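Here the protein sequences line up with chains R and U, keeping their order.
Residue numbering for the first sequence follows our numbering, starting at 28 and increasing by one per position.
Residue numbering for the second sequence follows our numbering, starting at 2 and increasing by one per position.
Below is one structure, written out as structure tokens, with a few remarks after it.
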Amino acid sequence: MEKKPAIELKNITKRFGARVIANKNVNLTAYRGEILSILGENGSGKTTLMNMISGIYFPDEGQIFVDGEEAVILSPKDAFSYRIGMIHQHFKLVDVFSAAENIVLGIEDGKYNLKNSIKDITAISEQYGFDIQPEKKIYSMSVSEKQTVEIIKVLYRGADILILDEPTAVLTPQETEKLFNILRNMRDDGKCIIIITHKLHEVLSLSDRVAVLRKGEYVGTVNTAETNESELTEMMVGKKVELNIHRSEPKNSVDRLQVNGLTCVDRQGATVLDDVSFTAKSGEILGIAGIAGSGQRELLEAIAGLQHLSNGEITYINPNDGKLENLRDKTPVQIRDMGVRLSFVPEDRLGMGLVGNMDIVDNMLLRSYTKGKSIFLQRKAPKDLAMKIIKDLEVVTPGANTPVRRLSGGNVQKVLVGREIAASPTVLMVAYPVRGLDINSSYTIYNLLNEQKEKGVAIIFVGEDLDVLVELCDRIMVIGSGRITGVVDARTTTKEEIGLLMTKSKEDGKETANG
Amino acid sequence: MITQFICRAILLGVPLLYGSTGEIITEKSGHLNLGIPGIMYVGAISGVIGAFLYEGAAAGAMNGVLAVLIPFICAVVGSILMGLIYSFLTVTLRANQNVTGLAITTFGIGLGNFFGGSLVKLTSSDLPSIALTKTSAFFSVKLPFADSLGAVGEILFSHDFLTYLAIIIAVLASFVLNKTRVGLNLRSVGENPATADAAGINVTKYKYLATCAGSAIAGLGGLQYVMSYANGVWSNNAFGDRGWMAIALVIFALWKPSFAIFGSFVFGALCNANNYIQGLGTETQELFKMLPYVVTIVVLIITSMRKKREHQPPASLGISYFREDR
């Protein structure tokens, strides 16, 4: 079958301000009846490029051709008139509207008749295999349902060039597979699908061709069938990267932290943690997997002394004398004063972890300001620590006195993890430590965690990328709707098994526990 | 006496109904217009100026249609101008909505008192008020069959046309908001302007239109107060806190114009109850005047506890929208 080009980009350049070049001389063609992946690290200009096709930005130089004819796309409305639809990473939906109301929003032609629209929506859903209730309100929908609404929204407008920005970031493996089947249906229907992602295995399993961007520049396009993960990574990063995460066997593993029957109720009275029990051992990484918002945050905060518990016990086993310490209902300061060396890297780096407007030295000071006898702050030690972290972790910053919020996500994370590790913890809890980080920074973080593990630290790692969890952790505990649905051995488990446990929330899955 | 009480409640409620219908429409676009009291005040004084000039020009030979139309148009134009100031500041310049609204209220009341005082001076009367009784008479023309139907006729048909107009506008607003594309677009602007923008809706246009239409409607409340409730007598500051009560009514009505119709009459009854209960001292009367606010607080507590998303204010209420903020 001969393929017709749906979209051609010629010499596209986009600048933000005088110095930042988001895209430089990008040439790209996407054909009808194919799935094209746009692959690149964070900040490589993938989203900017797609935003130019969907009318959010306008290119400074270059031309866009749709179906062989030059197109001027000034607004999302123009994009729709060229039958281009984009599904953004952050959903653009009105929460109190129903699915159908969101789908017809902003369409000007014809009479406003929600009942007819619902019929059309149902027809589209049946054609491609979507599962949707048009009259359900958005606020009562799951993330995957919301995404379905977004996709139908562009299909309803008659789009046959679909751009999806990181569509799988929030989905479980099962939901991802469902989405991919739908995308394949659309491709077979002759639509042109462009998917932005940085997950290599998805690129390989879904797309027909892969276009790679690096630092705003177009590196090249390869046929998926003729490539592999390491070639793609090399194109993306520009140098060879060792992709296997190093995992050592746990040594002299002893119980360090015992959590028993933890129950936690939030302000609205909903149970966010329900009878959670587990043990974290020294010298091993315990992974926590689960759909976002299943209670991971509350669990870590409960251990760190930031959540009020309605039931349960947290027992810390002191490595020096084997004494048992009860951490329940203690504040973080009390926990520290008891000699428990607990470090916490929260998911909200600039909210709970660091103060964005303060520089690196002052952020170090946040952990040591009570030290010293003088009424003045001791700045020498934190300053040395800041310099050490900048040097050891290769933090890219103009200096130790730069406000943390000016650093990029990866560097912010290095500062935070560096500070927490410097406290030489015996228990280290990290939540989504590589979220938003590029491949190189991610591996720096994995290596740091492994180093700590070898030093005998008990690490609790809350992650979202199951591939990473399976490769990095020793055991993986799966949490669903605040309950432990299973504990699996990371060396023998599969992503599918974890995915099933993630969605299993009602029944008690403790029998699957091993290790 | 019950009939009289109900009629009085309706009469008192109508300015509130205008004010809250206007405010609901404005708030649906995501703008909390605390300038409503000032805008209603300006609507009232604009109508008074129009009527004053026409009464002077017609010199006795007044045309009924013109006598109603001129103050009506003046009130609408005056309040739209106030709405334009508010929208220019908050939509285009993205000024803080609360500060701007309070400024508009202060400004509107000052403006009203200035012109009110000036007119009083022009009439060189001994009383600090202007009586436009002739114009008022045209405003309060009743339906011809009202008197022949007894109590039912009095409760349902004895009111001036501005009362019926208020109900019609509220019903219409409810229909437009919930059943038309314009309403859907407007609600989306107030809930999530970024989404509306991405869907190709002109956010700025809707915000301006909603604020100005809301102001025009609210301004009519001021006009109704002077022409029907006060029988055409304007005196400075007599309008009282009706504007704030209209804003409280928006919360009471859960941002629904249809609920506001009922709510305005409840508020009217509550405001008036002290006159119908025997043996109240001045101090207990003041306690009774608190009732509408107490009821609003109770409604707020109940809706906050029930947490039904449909009963919450528009999600982006009070937040300025700027496309490049992401």
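Think of the CB as a built atom: it goes at the ideal place given N, C-alpha and C, for glycine as much as any other residue.
Please read these numbers as outputs of a predicted model, since none were measured by experiment.
**OP:** Check each residue of the region 122–134 of chain R: if its Cβ is closer than 9 Å to any Cβ of chain B, include it; give the result in chain order.
**Re:** Included in the structure are the protein chains R and U, with no chain B among them.
Subject >> Best match in R/P460, R/P452, R/M529 for proximity to R/G380 [C-alpha to C-alpha] >> reply: Considering only alpha carbons, the answer is R/P460.
**OP:** Determine the extent of the beta strand (DSSP E) in which U/P258 is found, giving its start and end residues.
**Re:** Segment 258–277 is the alpha helix (DSSP H) holding U/P258; no beta strand (DSSP E) there.
Original post:
What's the C-alpha gap between R/L191 and U/I86?
Top reply: The alpha-carbon atoms of R/L191 and U/I86 are separated by roughly 42 Å.
Subject >> Distance between U/M63 and U/G269 (C-alpha atoms, nearest Å) >> reply: Linking U/G269 to U/M63 through their CA atoms gives a straight-line distance of about 33 Å.
Original post:
To the nearest angstrom, how far is it from the Cα of R/T195 to the Cα of R/D302?
Top reply: Those two C-alpha atoms are separated by around 30 Å.
**OP:** Please go through the region 188–261 of chain U and give each complete alpha helix (DSSP H) segment of 4 or more residues, from N-terminal end onward.
**Re:** The qualifying runs are 194–199, 204–225, 243–253.
**OP:** Leaving aside the five residues before and after R/M515 along the sequence, list all residues of the same chain whose C-beta is less than 6 Å from its C-beta, in chain order.
**Re:** Rather than Met, the amino acid found at residue 515 of chain R in this sequence is Val. The beta carbon of R/V515 is closer than 6 Å to those of I503 in its chain, skipping five residues each way along the sequence.
Subject >> C-alpha gap between R/K266 and U/I25, whole angstroms >> reply: When rounded, the distance between both Cα atoms is 59 Å.
Subject >> Contact belief for U/V69 with U/F140 at Cβ below 8 Å, rounded distance in angstroms >> reply: Indeed they touch by this definition, with Cβ atoms about 6 Å apart.
**OP:** Answer with yes or no whether the minimum CB distance from U/L185 to chain R is below 8 Å.
**Re:** Chain R contact via Cβ: present.
Original post:
Near R/E202, what residues of its chain come up, given a Cβ to Cβ distance below 7 Å and the 5 sequence neighbours on each side ignored?
Top reply: Excluding positions up to five away in sequence, the list reads S171.
**OP:** With a cut-off of 8 Å on the beta carbons, I'd call R/M391 and R/P409 a contact; round off their distance for me.
**Re:** In this structure R/M391 touches R/P409 by the C-beta definition: roughly 4 Å separates them, less than 8 Å.
**OP:** Establish whether the CB of U/I218 and some CB of chain R are separated by less than 8 Å.
**Re:** Output row for U/I218: interface = no.
Original post:
Would you say R/S102 reaches chain U, if we count a Cβ-Cβ gap shorter than 8 Å as a contact?
Top reply: Taking 8 Å as the CB threshold, R/S102 lines the interface with chain U.
Original post:
Tell me which same chain residues have a C-beta within less than 8 Å of the C-beta of U/T124, skipping the five on either side of it?
Top reply: Only I131 meet the Cβ criterion.
Original post:
Under a Cβ-count criterion, where at least 16 other Cβ atoms within 10 Å of its own Cβ denotes burial, should U/F266 be classed as buried or exposed?
Top reply: With a threshold of 16 other beta carbon atoms within 10 Å, U/F266 meets it and is buried.
Original post:
Can you find a heavy atom of the ligand SAM that lies under 7 Å from the Cβ of R/L66?
Top reply: Judged by which ligands are present, the structure shown has none, so any question about the ligand SAM falls away.
**OP:** Please confirm if R/L392 has its CB atom under 8 Å from at least one CB of chain U.
**Re:** With respect to chain U, the C-beta atom of R/L392 has no partner C-beta closer than 8 Å.
Subject >> Where R/Q90 falls: helix, strand or coil (DSSP) >> reply: Three-state result, R/Q90: strand.
**OP:** Run down chain R in chain order and give the residues with a C-beta less than 8 Å from the C-beta of U/R310.
**Re:** Going along chain R in sequence order, the residues near U/R310 (Cβ under 8 Å) are D122, V123, K164, Y166.
**OP:** Assess, as a yes-or-no matter, whether the region 328–342 of chain R is touched by the region 281–291 of chain R under the definition of 3 or more beta carbon pairs within less than 8 Å.
**Re:** Contact between the region 281–291 of chain R and the region 328–342 of chain R is present: 3 or more CB-CB pairs across the two stretches fall below 8 Å.
**OP:** Please go through the same chain and pick out, in chain order, the residues whose beta-carbon is closer than 6 Å to the beta-carbon of R/K24, but skip the five residues on each side of it.
**Re:** There is simply no residue 24 of chain R to check, as chain R begins at 28 and stops at 542 in what is shown.
Original post:
Among residues of its own chain, excluding the 5 on either side of U/A316, which ones have a beta-carbon nearer than 6 Å to its beta-carbon?
Top reply: Close CB contacts of U/A316 within its chain, under the 6 Å cut and outside five residues either way in sequence, are with E192 (chain order).
Original post:
To the nearest angstrom, how far is it from the Cα of R/L36 to the Cα of R/R518?
Top reply: Rounded to the nearest whole angstrom, the C-alpha separation of R/L36 and R/R518 is 45 Å.
**OP:** Quick one: list the residues of chain U neighbouring R/K119, beta-carbon separation under 7 Å, in chain order.
**Re:** Proximity of chain U to R/K119 at the Cβ level (cut-off 7 Å) is accounted for by A195, T196, A199, in chain order.
Original post:
Do R/L528 and R/G513 have their CB atoms nearer than 8 Å?
Top reply: Contact: yes.
Original post:
Residues bridged to R/Y58 by DSSP?
Top reply: DSSP, once it has assigned bridges, lists R/P32 as partnering R/Y58.
**OP:** Go through its chain and collect everything with a Cβ distance to R/D535's Cβ below 6 Å, but skip five positions before and after it.
**Re:** The predicted model places R/D535 with a pLDDT of 45, which falls under 50 and marks its position as unreliable; any figure quoted below should be read in that light. None.
**OP:** In angstroms with no decimal places, state the Cα-to-Cα distance between R/G310 and R/L393.
**Re:** C-alpha separation (whole angstroms): 27 Å.
Subject >> Proximal chain U residues relative to R/Y139, where beta-carbon distance stays under 7 Å >> reply: Against chain U, the beta carbon of R/Y139 has neighbours under 7 Å at T181, R182, listed in chain order.
Original post:
What's the call for U/Q98, buried or exposed, on a 16-neighbour Cβ count within 10 Å?
Top reply: So U/Q98 counts as buried.
**OP:** Answer yes or no: do R/V239 and R/M263 have a C-beta to C-beta separation smaller than 8 Å?
**Re:** Their beta carbons are under 8 Å apart, which means R/V239 touches R/M263 by this criterion.
**OP:** Put U/G117 into one of helix, strand or coil per three-state DSSP.
**Re:** Of the three classes helix, strand and coil, the one that applies to U/G117 here is helix, per DSSP.
Subject >> Local conformation of R/D302 per DSSP, three classes >> reply: DSSP places R/D302 in strand when its eight states are reduced to three.
Original post:
Which partner residues of R/R543 appear in the DSSP bridge assignment?
Top reply: A query on residue 543 of chain R cannot be resolved here, the shown segment of chain R reaching from 28 to 542 and no further.
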